[in-house]
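Visitor: The following block contains the structure, expressed as structure tokens.
In my numbering, the protein residues as written are 70 to 223.
Encoded structure:
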């Protein structure tokens, strides 16, 4: 087994690690700003809000997940779960998963809370008109600043 440079890392391990980073880079390149925001929302129970706010790409989020040992080359399932939840099924191939595989593994390997999943599903199903109606209904009970924030996000 050959070794790379002074690091004493076997080349096969370095190549595997580089290959994993390349696959994460490929996933990152396929996700737009909206999907990165979705990813950050789904990771709020695992990564601090401060770190998520500073994250400008999916790669930043992946790095935080790896630092928390929630994502690794040996166990990429949490990222597969996130992509599956975001309905980014085509990107699962970069992790050597298929949609059906992830679906069948979720009951035993799921890390996302049912509450976070529900919030995500609700946020995806609420359109601008419904959001405006909801803010009109609750305008008496919410401070004006919060309503303006909701309105500016619409």
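Glycine included, every Cβ here is placed at the ideal spot set by N, Cα and C.
Run the CB neighbour count on residue 115, radius 10 Å, all protein chains shown included, and call it buried at 16 or more, exposed below.
Guide: Classification for residue 115: buried.
Visitor: Could you say which of 126, 95, 191, 90 lies nearest to residue 242 if we only look at CA atoms?
Guide: Outside the displayed range of the chain (70 to 223) lies residue 242, so it cannot be described from this structure.
Visitor: Out of 170, 202, 88, which has the shortest C-alpha to C-alpha gap to residue 143?
Guide: If we check each option's Cα against that of residue 143, 88 comes out closest.
Visitor: I'd like the ranges of any alpha helix (DSSP H) spanning at least 4 consecutive residues and lying wholly in the stretch 146-189.
Guide: Listed in chain order, they are 146-154, 168-178.
Visitor: Does residue 106 come out as helix, strand or coil in the three-state DSSP assignment?
Guide: Residue 106 falls in the helix class under three-state DSSP.
Visitor: For residue 97 versus residue 126, is the C-beta spacing smaller than 8 angstroms?
Guide: Contact: yes.
Visitor: When the Cα atoms are used, what is the spatial distance from residue 154 to residue 103?
Guide: Going from the Cα of residue 154 to the Cα of residue 103 covers about 14 angstroms.
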